[in-house]
Every structure is written in structure tokens, then in C-alpha cells.
Amino acid sequence: MFDKIVPRSEDYAKWYTQVIRQAEMADYAPVRGCMVVRPYGYALWENVKEQLDTRFKETGHQNAAFPLFIPMSFIEKEAEHVEGFKPELAVVTHGGGKKLEEPLVVRPTSETIIGYMYSQWIQSYRDLPVLINQWANVVRWELRPRLFLRTMEFFWQEGHTAHASHEEAEEETLRILDIYTDFAINEAAIPVIPGRKSESEKFPGALTSYTIEAMMGDKRALQAGTSHDLGQNFAKAFDIQYLDAKQKQQHCWTTSWGVSTRMIGAIIMAHGDDQGLVLPPRLAPTQLVIVPIVPKNREDDKQAVMQAVDAICETLGSVRYHVDDRQEQSPGRRFNEWELKGVPLRIEIGPRDLSNQQVVLARRDILGKEGKTFVPIANAAEAVTQMLDTIQADMLKRATEFRDANTFEPTTYAAFKEVIENGFARAHWCGDEACEDKAREETQATIRCIPIEQPGGGGECIVCGKSAEDITIFARAY
RNA sequence: CGGGGCGUAGCGCAGCCCGGCUAGCGCGUCUGCUUUGGGAGCAGAAGGUCGGAGGUUCGAAUCCUCUCGCCCCGACCA
115 MFDKIVPRSE DYAKWYTQVI RQAEMADYAP VRGCMVVRPY GYALWENVKE
165 QLDTRFKETG HQNAAFPLFI PMSFIEKEAE HVEGFKPELA VVTHGGGKKL
215 EEPLVVRPTS ETIIGYMYSQ WIQSYRDLPV LINQWANVVR WELRPRLFLR
265 TMEFFWQEGH TAHASHEEAE EETLRILDIY TDFAINEAAI PVIPGRKSES
315 EKFPGALTSY TIEAMMGDKR ALQAGTSHDL GQNFAKAFDI QYLDAKQKQQ
365 HCWTTSWGVS TRMIGAIIMA HGDDQGLVLP PRLAPTQLVI VPIVPKNRED
415 DKQAVMQAVD AICETLGSVR YHVDDRQEQS PGRRFNEWEL KGVPLRIEIG
465 PRDLSNQQVV LARRDILGKE GKTFVPIANA AEAVTQMLDT IQADMLKRAT
515 EFRDANTFEP TTYAAFKEVI ENGFARAHWC GDEACEDKAR EETQATIRCI
565 PIEQPGGGGE CIVCGKSAED ITIFARAY
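In the working numbering, the protein residues as written are 115 to 592.
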């Protein structure tokens, strides 16, 4: 199971798949395009869930569950929505041995069925806002699947809210974008860029889509979360109306937003190295692994080491730790396995340490001697807690420096074409879809987002040279 | 759907071009002994409808026809 993995520089796609499978995050399912999330991968997902769920609840959202099956006619009610999703629908035509009168779609996303329910639940401005989220699986018939990044079935949360005014809906959309940004940066240690999608990249049926965009280890971009201002498009398609205080019927303004198991892919690719995963301490299923080194033929040494391990464990409090005392595996083997699995911190403890009243603390993010420090046994717990914080901060710093070092600001189209091979390009864009298309055709780069944070002052469109208001992030994306 | 590659032991592969004895190798697994501060050593053992169907042949993993599946690159996408 634990073989050498191919270096990232040699074959990034292969590295990615090998890391996932060898670290036991996920496995291929017998059905093409589907994956099995294994316990280690799911534990990471559970931590992602918990962090996001807490933030949703703090901002007034509630969880609920809507059906997996959606009547085909629902999907067809919003024009852009059908067009966007029709090609990737899984459709149930038979049930109980009989052909169905109306085919059922396996949800690719739930705006339609939730919109339908909202139309029944919402009557008055007093019913608003409705703030609901669901944790669910969805299905999209993807042509080219990739573990975590694009599988036919994936897990996510999808929030769906309804509001009395556009201002409120916009506020909500941006509030969620803030939550996603905060989560990515402070929990996942991924320095994302929050921004707005171009018309061609926005969600089918949305007025405006917002995204957080991250840079992966191969300098490609990954959309790690989206938040959509749906305007009144779905409210009109599903007749979500309320009576306002002035006795007038109004359509609601709705939003939807989601983060999926793709986030796991982002964490893997943003931080991983040639030794395997590197997980951010705040999300890592196991934050600390303790590897006792005990000579077999010296029973008293062994007991002393294990006693010291027990004593340390008792002081660790809320640290998520694991003691790997498998004696049939050599210490080197155990070190390598936990490094592959990305456990942020390791304690090595053997007879040699005991006689010095110390343990070895080894950081996952800095391999080898460089990342090792000796700490007195008495201070072990404190040192662990501090070191986990340090690692978390350093990982964010490293990822930010990497992104910045690979983000360019070309001033000519020729320069743009060159730098886009090696990272992100920050450049002005006039807003014309023709320029967007041209850039995509000639460089494979797409507009990832128009960052919320703008330097202002405007400039010239990198493609056509006309005057342009906004700085835009171009990149090749997953 | 277009282009490329691959299906042989749990995993990774060789053998195929040029048909031939009992289908090999590495890793892993199991047993025993020795080992333990960076992927342990020795000895032994188990493990196969060669993706499937049909055909050619005295004889097929190998040649022919059909078929199923997967992976990678593109178009589409969280």
C-alpha cells in the first residue's frame, strides 16, 4: 500500500491520484466517475462540515433535507437553468418496474425543488427571510471525472435563501462569500481570492455569481466555493411571492451557495508535497501522531517509554492525537506512513529521549532535520499546541507566498500569453465576452474572477486595449 | 464524442511482435526466527477463469473477429 509516490514535478495528475489512494482518502468505485470516500477522507470532510456548519448557524441558517428526486418539469422552468444542467442530468425513467409518467431527475442542485417548496411556505413579508441549508449528495453526469474535483456524485452543502429585497439578497450572497473566504483562509490555510464571475462563467440562472478561487500546487486555479445572487429568476419561475407591508404582491429575491468535497481536493493540491499530504492542523483528522520507539528485547525500556507516552497523552487535552505503537513496523516506516497521510505533527520518543527527559517534535510541513526540535517532556503538551498554531500559520504563509510568486501583472497581450503558462495573470478586462473567448481559445485560460478588492483607477483591456474598469484574474483552471 | 494508453495474483508490472513443457517478477499478505532513532533481514508458504465471447490451430496470455471496462489528454463542469 505504501509505495513511493511519483514526484509532483514529474506528473502532477498521477501524484494527485496516488496520494489520495495511498493515504486512503478515497478509492475508485465500481461505477465510472464515482468514488468511495474512505474513513480518513471522510474524517477530513467532517471537520470541514463542522467548521462551515457552525458559521452557517451563527448567521441564522437552519439545516433541512429536500428530496433526491426532482420532477423533470421543475428543471425546465428556468430557461438558463435547463440549458446549463440538461446535458449532465441523470434521469430516472422507471420505478417499481413501470415506466414513470414523468421522468425524475436525480438532483444536480436543488434550486428548483426548494424554490417550489418556498412558494408554498412564503406568503407574507413576515415569513422572510428564509435561511435554509442542506448537506446532501448531488449527481452530475460528468464527462471527465477526477477524484474529489469532479465526480459524478459528490457531497456538498447547498444553502438556499429567500429575501424581501434585492439589497438583502445581495448582502446574504456576500455574507456567505465572506464565510467561505474566512473558512478557506483560516481553517484550510488556502489563500483564496473572493470575486465575481464573468457572465459566461456564472451559475445557470443566476444574476451574479461569486466565487473563491485558489491556486493549486501546479499553479492552476480551482473554484473552491460559490455564492449566487439569483435575483428574481427562480422566484418568478416558481412563483415565490409574498405580500408586502403595503399589501402588494412581490416576488422574492433568492440566493444559493455551495461548498463541496472538492474542498478536499483543494486542500490536497494546495499543500501536498512529494512526500504526500500536508493537512492544515485545524482540519486534520489526526493532528499529532506519537511514535514510540521501543527495543523489543529490553522490557524495562519499553515500559518506561510507554509510560512516558501515556503521561504525555494525559496532558494533551483537546489535541486530536494517535499513538502508533505498532512494533512490527520500523520507526522509519511509521514516520513515512504518517507523513504520507499528512499528519501535521509527530512526537518521536525512545529510550534515548527518556534519558534526556525530552521528546522529538517533528513538523510535517518542514521535512527532515530542519523540522525537528527537542522539547522537555514536561513541556510537551504546551509545545504541541503552540507548534500546531505555528504550522497552521506557516502553511497559510507558504501558500500565499507561492500564489503571489506565481501571480503576474502583464501589461501586453504577448506578455499575458507567456505568463499564463506559469500561473495567474492579473490584468484589466473590458468586460467584452469576445475578449474573454479570444483569451480562452489562445491560451486555455479563463476568467477565474473579478476580485472584490480592486485597486481602482481602471486601465486597458489586456486583450483588446480598450479602456477597462476592473482588474481580473485569468488562469487555467480545473 | 475525438485522440492516446491499458486490462495477466490484493497492488505494480514482464511475457504477446516471432503460438509450445508447470504463466513469471517486485511489493504486499501469512508462518517462524532475528530486528527497531528515516521505507528491516533471513527462511518458508499461500495466492491466477491471463477482462469477456467466438474463431484459427494438434496446441492460444500470445494470431484473427467481435465485445465490455478502466485510465490519461481535449470539448463540458462544483
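Even glycine gets a Cβ: it sits at the ideal position worked out from N, Cα and C.
- When the five nearest sequence neighbours on each side are left out, the beta carbons in the same chain lying within less than 6 Å of the beta carbon of residue 543 are those of 575, 582 and 586, in order along the chain.
- Taking C-beta separations shorter than 8 Å and ignoring five residues to either side along the sequence, the partners of residue 357 in its chain run 237, 238, 239, 363 and 364, following chain order.
- Residue 244 is classed as buried because its beta carbon has at least 16 other beta carbons within 10 Å across all chains shown.
- DSSP places residue 590 outside both helix and strand once states are collapsed to three, so it counts as coil.
- Taking the C-beta atoms as reference points, residue 303 is found nearer than 8 Å to residue 513.
- Assignment of residue 582 by DSSP, reduced to helix, strand and coil, places it in the strand class.
- For residue 558, the closest C-alpha among the options 545, 375, 535 and 168 is that of 535.
- A direct Cα-to-Cα measurement between residue 266 and residue 515 gives close to 34 Å.
- In the structure shown, residue 518 adopts helical secondary structure according to DSSP, grouped into three states.
- DSSP places residue 452 inside the alpha helix (DSSP H), whose first and last residues are 445 to 454.
- Two segments are said to touch when three or more pairs of C-beta atoms, one from each, lie closer than 8 Å; by this definition the stretch 304 to 311 does not touch the stretch 176 to 196.
- Going by C-alpha positions, residue 452 is about 45 Å away from residue 218.
- Bridge pairing for residue 238: 357 [DSSP].
- Our two residues, residue 325 and residue 268, have alpha carbons roughly 19 Å apart in a direct line.
- For residue 233, the secondary structure class from DSSP, reduced to helix, strand or coil, is helix.
- The residues 137, 385, 386, 390, 391, 392, 393, 398 and 478, in chain order, have a CB closer than 8 Å to that of residue 456 in the same chain once the five nearest residues on each side in sequence are set aside.
- In the displayed model, residue 533 falls within a helix according to three-state DSSP.
- In the displayed model, residue 165 falls within a helix according to three-state DSSP.
- Distance from the CA atom of residue 424 to the CA atom of residue 157, rounded to whole angstroms, is 25 Å.
- For residue 542, the uninterrupted beta strand (DSSP E) run begins and ends at 538 to 543, by DSSP.
- Across the set 461, 259, 301 and 320, the C-alpha of 320 shows the shortest separation from the C-alpha of residue 283.
- Distance from the CA of residue 248 to the CA of residue 184, rounded to the nearest whole angstrom, comes to 15 Å.
- If you draw a 10 Å sphere on the C-beta of residue 337, you find 16 or more other C-beta atoms in it, and that means buried.
- The distance from the Cβ of residue 344 to that of residue 370 is about 6 Å, consistent with a contact at the 8 Å cut-off.
- In the three-state scheme derived from DSSP, where H, G and I count as helix and E and B as strand, residue 556 is classed as helix.
- In the DSSP assignment, residue 423 falls outside any beta strand (DSSP E) and within the unbroken alpha helix (DSSP H) covering 413 to 428.
- For residue 296, same chain residues with a beta-carbon under 7 Å away, outside a window of 5 residues either side, do not exist.
- The Cβ atoms of residue 588 and residue 562 sit closer than 8 Å to each other.
- Taking one beta carbon from each stretch, the stretch 140 to 154 and the stretch 248 to 264 have 3 or more pairs nearer than 8 Å; the two touch.
- In the DSSP assignment, residue 291 falls outside any beta strand (DSSP E) and lies within the alpha helix (DSSP H) extending over 280 to 300.
- Contact between residue 318 and residue 197 holds, since their C-beta atoms are separated by about 6 Å, short of 8 Å.
- Residue 426 is positioned such that its CB atom lies no closer than 8 Å to that of residue 505.
- In summary, residue 488 is exposed, with fewer than 16 beta-carbon neighbours lying within 10 Å of its beta-carbon over all protein chains present.
- Taking all protein chains shown into account, residue 177 has fewer than 16 neighbouring C-beta atoms within 10 Å of its C-beta and is therefore exposed.
- For residue 549, the closest C-alpha among the options 572, 580 and 573 is that of 580.
- Distances from the CA of residue 485 to each of 460, 467 and 471 were compared; the closest alpha carbon is that of 460.
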